[in-house]
Amino acid sequence: MAPLLEVENLTTHIQLSRSVVRPVENVSFHLKAGETLGLVGESGCGKSMTGLSLMGLLPPGGRVLEESSIRLAGRELVGLPDSEWRGIRGNEIAMVFQDPMSSLDPTKTIGYQVAEPVRLHRGASKAEAMERAAEVLALVGLPRPKERLSDYPHQLSGGLRQRVMIAMALACEPKVLIADEPTTALDVTIQAQILTLLADLKDRLGMSMILITHDMGVVAGHADRINVMYAGRIAETTTTDRLFAGMRHPYTQGLLASIPRLAQDNTQRLYTIPGLPPDLSDPPAGCRFAARCTHATDRCRTEEPELTGSEDSHRFACWHPVDGALPPATVSVEKSAPAEGAGADEAPANRPLLEVVDLVKEFPVGGGLRRGKVSVKAVSGVSLSLGAGQTFGLVGESGCGKTTLGRMIVGLDKPDSGRVTLEGTQIDALHGRELRRHRRDLQMMFQDPYSSLDPRMRVGAILREPLQIQGIGTAKEQTDRVKELLGEVGLPTSALERFPHEFSGGQRQRIGLARALTLNPKVIVADEPVSALDVSIRAQVLNLMKRLQASHGMSYVVISHDLAVVKYLADRIGVMYLGKMVEVGSGQDIYERAAHPYTAGLLEAIPIPEPEVERGKRGGGIKGELPSPLAPPSGCRFRTRCPFAQDKCAEEEPLPRLFGDGHVAACHFPLQTPVERSAHSSDATGGAPGTSTGKAEGEATAAV
């Protein structure tokens, strides 16, 4: 069968004011009907630009060179006038963009935007187009699609917005669908739903798909073939099974090794690919990966390898090919030391560094007569404790209250009830100068470093600001401290005079970490510190966080929806759902002996870079959307999505029960058998220290 899409020597140039960027060079591949091709690589390697070239959507100054060829169903697309492109784009070839919020028009309703391509390409009337819009929205699993037609994008969750984007792309039943990082910003549960949805729709509609991602786990279970791209070129190409069974390019090997696994030994450092991709306005001679490759020789730096191989079905561009995946890491992570003054001899055994007890936070919504009558139940009675030099991980979907809890810990939000204590001092009861003084010891590392760093301030001023506010040191001492911080996070002193926009995402995250370290805090709350980063940069930041914890003896509260990341960093893990802590335990407890169905669903949803495992997970995981925190379900809040729910779950809120030493879960029908024993220190469970009930149920209640 002839390929549906044939791409030969695709080369794209973008003319800038002083240079020409070459984001795609000599890229060739084909796509059969009903096939899924994965495009994998770091940011800046040319994946998205390849997709935009296929759509004729290049940015200003961009053009596909004439020697390139893009044939769709035998028709040459290179060189077509704009009028003909408009008839193809969205009709025969469509794209699901990475960020639905910036791709959807905030001033237009969902129905209008999904119906628009039907009216443009099919000449349908407004009523016919709206009927088709409702049909496609139902096809992608949007609840109550006819009612949603009049909604605006901001009224939908991230997962529902992504479904709307898919519906827009499918409205005219295109032959080829390009999905550009369709799940990067989503929770693992919603990510699993979207990937399964795309696979099902592809099979049902007979489409072909190009799946663009930096995550090897995502393509493992959803791609038939994979092209690994680096610096605008294809580094390796073969079937999915062959790639994972015997990868040959060192870059592919590095991408796979950089992914933290649930079975990862967290005493070993994650593998990282050193350095950054090259500047494509002035690409290096020879192999473009040579500067970052441990196998590189002089030949690699002078001669460019061709994309060849012993078989046409598996080709790679490397002078010194490897043979398969890297073995597990063997470099140990340094152990954390207790913070000064917090050693075992100086503090009671039952007095942790940080205590959070029964925190409650609600946000009123509406105004006028309704104000105060309706509220978002963000955090509902959550407790946890943290020792010096330890890490507590908070996991759960977006909207479960993790970030609100983190903000209350550092004093950015005040709880409605409950308390936060640091070394015996109740932080939430402090005001003014006293609160500001104690805030030195509690710092936050925000999820999006770009929006949390002042774009008008240079990095040097950003890092010096906390020292100036707290009145610490002379100007020279402050400058020396800032330079020291840059060295600690692996940035040159030249960064002092640069602005945040001049750095990559990974570098900005390092600046955010340096900003949190400025005052030598005892506790750092890291809110999704690596969620938006490539796998290789993510591994670098995670290793850096562990190294700095060991050298400073500080404690972390790490917030994430990725259990693999949290398991690597954390000593203990708490699982939150809709404002409640539903399970607490060690990484081993959570991974090997999960007691709550929600925890098990989160684990199942994590993409694993093993094709057989991923394909076996199709259709599994947590179903449905998170209920509204305005009106949480009665009884167990997870019951509306739980496969084991019974009448009791709607009538009674489950009490926490013990499932082992320090392992607690709140579920009427748990996946493990509870233990019946007493204990005398709830500190062992990660709960409220100093609470001693003599009964397992009472101890578990204090823990959760």
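Count along the sequence shown from 1, then add 225; that gives the number in my numbering. Just so you know, even glycine gets a beta-carbon here, dropped at the ideal spot from N, CA and C.
- Pairing Ala-460 with Arg-486, the inter-Cα distance amounts to about 24 Å.
- If you ignore the 5 residues before and after Leu-688, its C-beta comes within less than 7 Å of the C-beta of Val-707, Leu-710, Ala-739, Arg-740 and Thr-743, all in its own chain and listed in chain order.
- Runs of the beta strand (DSSP E) lying entirely within the segment 502 to 548 and spanning at least 3 residues, in chain order: 533 to 536 and 539 to 541.
- Contiguous beta strand (DSSP E) elements confined to the segment 578 to 653 occur at 579 to 589, 600 to 611, 616 to 620 and 642 to 647, taking only those with 3 or more residues.
- With contacts defined by Cβ atoms closer than 9 Å, Val-443 and Gln-416 form a contacting pair.
- Annotation for Val-339: the continuous alpha helix (DSSP H) segment containing it runs 335 to 347.
- By the neighbour-count definition (other C-beta atoms within 10 Å, threshold 16), Asp-537 is an exposed residue.
- Counting the other Cβ atoms within 10 Å of the Cβ of His-777 gives 16 or more, which makes it buried.
- Here DSSP, grouped into helix, strand and coil, assigns Gln-897 to coil.
- Considered as a whole, the segment 349 to 428 harbours 351 to 364, 370 to 373 and 383 to 395 as its complete alpha helix (DSSP H) runs of no fewer than 4 residues, in chain order.
- Between the beta-carbon of Asp-759 and that of His-474 there is about 17 Å, and that puts the pair past the 8 Å contact cut.
- Around the beta carbon of Gly-849, a 10 Å sphere encloses fewer than 16 other beta carbons of the protein chains shown; the residue is thus reported as exposed.
- Two segments are said to touch when three or more pairs of C-beta atoms, one from each, lie closer than 8 Å; by this definition the segment 855 to 866 does not touch the segment 778 to 786.
- At least 9 Å separates the beta-carbon of Pro-754 from that of Met-779.
- Within a 10 Å sphere around the beta-carbon of Ala-396 sit 16 or more other beta-carbons, which makes this residue buried.
- The alpha-carbon of Lys-792 is positioned some 43 Å away from that of Arg-314.
- In the pairwise beta carbon analysis, the segment 421 to 436 is classified as not touching the segment 337 to 356: fewer than three pairs are separated by under 8 Å.
- Residue ranges of uninterrupted alpha helix (DSSP H) with 4 or more members, entirely inside the segment 239 to 282 and ordered along the chain, are 272 to 280.
- With respect to the 9 Å criterion, Glu-876 and Ala-445 are not classified as neighbours on the basis of their beta carbons.
- The continuous beta strand (DSSP E) containing Gly-287 extends over residues 287 to 289.
- Judged by beta-carbon spacing, Leu-230 lies beyond the 9 Å limit of Ser-535, meaning their Cβ atoms are not closer than that value.
- Per DSSP, Tyr-823 is one residue of the alpha helix (DSSP H) stretching across 822 to 830.
- Beta-carbon to beta-carbon, Val-607 and Leu-637 are separated by about 16 Å, too far to satisfy the 8 Å threshold.
- In the DSSP assignment, Thr-477 falls within the alpha helix (DSSP H) that extends over 475 to 482.
- Under the three-state reduction of DSSP, Asp-752 is assigned to strand.
- Remark: three or more beta-carbon pairs, one from each stretch, lie closer than 8 Å, so the segment 258 to 271 and the segment 455 to 472 are flagged as touching.
- The shortest CA-to-CA distance from Val-590 to any of Leu-262, Ala-603, Ser-623 and Val-581 is the one to Ala-603.
- Taking a cut-off of 8 Å on C-beta distances, the segment 361 to 376 does not touch the segment 278 to 297, as fewer than three cross pairs fall below it.
- Exclusion of the five residues before and after Ser-859 leaves Ala-875 as the residues of its chain whose Cβ lies within less than 7 Å of its Cβ.
- In the same chain as Trp-310, and ignoring 5 residues on each side of it, the C-beta atoms closer than 6 Å to its own belong to Gly-281, in chain order.
- Counting the other Cβ atoms within 10 Å of the Cβ of Val-635 gives 16 or more, which makes it buried.
- Beyond the five residues adjoining it in sequence on each side, Gly-698 comes within less than 7 Å, by CB distance, of Leu-692 and Arg-706 in the same chain, given in chain order.
- Here Met-806 is bridged, per DSSP, to Met-801.
- A contact between stretches requires three or more CB pairs, one per stretch, nearer than 8 Å, and the segment 811 to 826 meets this requirement with the segment 884 to 895.
- Going by DSSP, Tyr-455 is part of no alpha helix (DSSP H) but of the beta strand (DSSP E) stretching over 450 to 455.
- Rounded to the nearest angstrom, the Cβ distance from Thr-497 to Ser-483 is 6 Å, consistent with a contact under 8 Å.
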